[in-house]
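This report concerns only the one structure given below.
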Amino acid sequence: MSLLAYAPPRSGDFTVALLVRLRHAAIGLLVPLTLVLVWALASARGWLPEQVLPAPSYVWQNLRDMAASGELAQHAGISAIRVAVGFAVGAGLGLLLGIAIGLSRPVEDYVRPLFTAVAQVPTIGWIPLLMLFLGIGETLKIVVIAKAAFFPMVVNTAAGIQNIPLSYREVAAVLRLTRWQSLRRLVLPGALPSIFTGVRYSLTKAWTALVAVELLASAEGLGYLLVWSRQMFWLDTMLAAMLVIGLVGYVMDAMLAAAEARLQAWRIDA
Amino acid sequence: MANGELGLQGIAKTFRVDGRLLPALDGIDLQVTPGEFITIVGASGCGKSTLLRIIAGLETDHAGAAVHDGKTIRGPSLARGLVFQEPRLFPWLTVEANVALGLENAGLSRDAKRAAVSEHIALVGLTGFENAYPRQLSGGMAQRAAIARGLVNRPGVLLLDEPFGALDAFTRTHLQEELQGIVAREGITAVLVTHDVDEAVYLGDRVVVMAPRPGRITRIVAVDEPRPRSRTAAALLHKREAVLAALDSGGRGRPEPRRLDAPDEPLRQPAAAIALQGAA
Ligand SMILES: Nc1ncnc2c1ncn2[C@@H]1O[C@H](COP(=O)(O)OP(=O)(O)OP(=O)(O)O)[C@@H](O)[C@H]1O
Ligand SMILES: [Mg+2]
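Chains as they are written, first to last, in this note's numbering: chain A, -16 to 253; chain B, 20 to 299.
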């Protein structure tokens, strides 16, 4: 939802709605297309050596080859599973701890200092230590990704709950809502916008962590592909991997936005 | 209903604002008998909302004793309902769901709940808006939804903080009648804060007049007029003058006090202007 462009809703006019959507999509594609154009121009004119910047057609060809051979699907599939499991575990636990901190002052007092300190250490810093305990198998990857997804989820969930206005909490008190009732009717819906912010950050962090952990301890996956192709100077493969990661990230963000719109119908014009 | 008795003895409440102490209430004594309808008027900032919040159990850090049916009030209770000065509807719930919040703990069956909710939505004239979200309501409609939420579980003591302030004259009159009917039928003890002296006198068995700095009761005007009352009954007009006079003399040092009883003298100023003086 753009805050700047306000168009009064014209209900029932499908052609208008369709045109508006097409226009929106066209605007969103403008910058990427321009970039591709400049890219094509740059390689056609030889502004940069081919080893540094291969032509778009070349990258496209490579992408199609990798897709056809099943190599791309294999790498993408492995990465997607790692991110999905790590994110589910990390964000799920983060949601629970965030709720506990948001609801309970004592929990916050006990957990917050350690939590803040630990959160300052970048994910990469944890990998060597975790390798000692977990080896370099699949568990390590899941744990690293989960840890990355965990922190933004805790912080945003707790903040969302703590920012619920006192005036609403007083309503819940006067109506004598039980813990569970106020969680369902007040706390979770009230914190939802903030929780969604947490989910989006978590997902981004999970992808970043994926690349980091595949770089250090993997022989497959998109992150591995990215790092390996860079080291081998297969820049067409590297660019292809970047495109796929970007595309997957975009699709996941769009899915989250759709879920958010559904869950928060009360904020958005019908 | 035999219960619904309230006792306030020596209630005092001090807020700390910016390191300074601000006395909001001092020496409030009031006995409310079961089924009585108390109305409270007083200048803005004289502690009316604070007093209601103390009775509701939201404000427990105060001096003096607040007692409901012999038990000291230590927190909110389903036996005491509060309609806040602002609607405070949950923005993520529809009108219907907001009103239903009042019945979360009523132990009714699903069908009984639904019936009670739609009955109260109809009562406040919001039929057709059951599925609207609060942001789709006008201020007065939101306030009416909040009234329905406060009324729907029929608490023994009903506390209302300027419930009709945001309403047009027609709707206000209608809801005053409805409220009076429900309170009388169910034997509810009601405490209603208002800036409208006509409303205070029309609804109240007793009108409590308060003055600010510190918030205190300056006069209690008993309105013995039997119900159903006529808004234009001479007795009510006289009581209204008594309340206005008390409001005026309780204000910040008007030089010449007005007469407290002016039985046969018609009002010379328009009522609204006088009410504003009292409320300003
Ligand atoms: N939470 C609070 N913290 C500090 N001061 C407060 C607080 N609540 C109320 N006060 C102060 O207490 C006094 C009484 O406030 P209160 O809201 O009870 O007045 P009121 O009579 O309801 O006014 P109005 O008619 O405008 O609603 C005011 O001076 C106000 O500034
Ligand atoms: Mg008030």
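Note that the Cβ used here is the ideal one computed from N, Cα and C, for glycine as well. Keep in mind that this is a model prediction, so the values were computed, not measured.
- The C-beta of H58(A) has 16 or more other C-beta atoms within 10 Å across all chains shown, which makes the residue buried.
- Per the DSSP secondary-structure output, K90(B) pairs in a beta bridge with H87(B).
- Per DSSP, the beta bridge partners of R99(B) are V176(B).
- Under the three-state reduction of DSSP, I147(A) is assigned to coil, being neither helix nor strand.
- For T33(B), DSSP records a beta bridge to P42(B).
- Residue range 56 to 61 is occupied by the beta strand (DSSP E) that includes F56(B).
- D92(A) is classed as exposed because its beta carbon has fewer than 16 other beta carbons within 10 Å across all chains shown.
- Annotation: the continuous beta strand (DSSP E) that includes M229(B) extends over 225 to 230.
- The continuous stretches of beta strand (DSSP E) do not include I73(B), which lies in the alpha helix (DSSP H) extending over residues 67 to 75.
- The DSSP-derived three-state label of R245(A) is helix.
- By the CB criterion at 7 angstroms, V143(B) and A161(B) fall outside the cutoff.
- The DSSP assignment places complete beta strand (DSSP E) segments of no fewer than 3 residues inside the stretch 203 to 255 of chain B at 208 to 212, 225 to 230, 235 to 241, in order along the chain.
- The beta carbon of A240(A) does not come within 7 angstroms of any beta carbon belonging to chain B, so the residue lies off that interface.
- Within the stretch 108 to 157 of chain A, the complete alpha helix (DSSP H) segments of 4 residues or longer fall at 121 to 145, 149 to 157, listed in chain order.
- Between L186(A) and I110(A), the beta carbon gap of about 20 angstroms keeps them out of contact (Cβ cut-off 8 angstroms).
- Contact residues of the stretch 154 to 174 of chain A toward chain B are V154, A156, V157, L158, R159, L160, T161, Q164, R168, L169, P172, G173 (C-beta to C-beta distance below 8 angstroms).
- N124(B) is a Cβ neighbour of R159(A), given a cutoff of 7 angstroms.
- Shown here for Q195(B): same chain residues with a beta carbon closer than 8 angstroms to its own, the five before and five after excluded, namely F183, E218, Y221, L222 in chain order.
- At least one heavy atom of ligand 1 lies less than 6 angstroms from the C-beta of F34(B).
- In this structure, V228(B) lies near R238(B), with their beta-carbon atoms less than 7 angstroms apart.
- Taking L31(A) as reference, the option from V90(A), L149(A), L218(A) with the minimal CA-CA separation is L218(A).
- Excluding the 5 residues flanking it on each side, R191(B) has same chain C-beta neighbours closer than 7 angstroms at F183, in chain order.
- For A75(B), the neighbours in chain A by C-beta distance under 7 angstroms run, in chain order, V157.
- Annotated as distal: A62(B) and L44(B), with beta-carbon spacing of 7 angstroms or more.
- When DSSP assignments are scanned along the stretch 46 to 94 of chain A, the uninterrupted stretches of alpha helix (DSSP H) that are 4 or more residues long and fall wholly within it turn out to be 54 to 86.
- Here the C-alpha atom of W111(B) lies approximately 9 angstroms from the C-alpha atom of N117(B).
- Within the stretch 160 to 220 of chain A, not a single complete beta strand (DSSP E) segment reaches 3 residues in length.
- A check of alpha carbon separations from P176(A) across Q44(A), G108(A), A242(A), G53(A) identifies A242(A) as the nearest.
- With fewer than 16 other Cβ atoms inside 10 Å of its own Cβ, W163(A) counts as exposed.
- Taking a cut-off of 8 angstroms on C-beta distances, the stretch 23 to 39 of chain B touches the stretch 82 to 94 of chain B, as three or more cross pairs fall below it.
- In the same chain as T52(B), and ignoring 5 residues on each side of it, the C-beta atoms closer than 7 angstroms to its own belong to E24, in chain order.
- Look at G26(B) here: in three-state DSSP terms it is strand.
- Listed along chain B are F103, E105, R107, each with a C-beta nearer than 9 angstroms to that of S150(A).
- Among the CB atoms of chain A, one or more fall inside 7 angstroms of the CB of P110(B).
- Distance from the Cα of Q44(A) is smallest, within the candidate group I144(A), L222(A), A189(A), V194(A), for L222(A).
- Burial state of H214(B) is buried, judged by a 10 Å Cβ sphere holding 16 or more other Cβ atoms.
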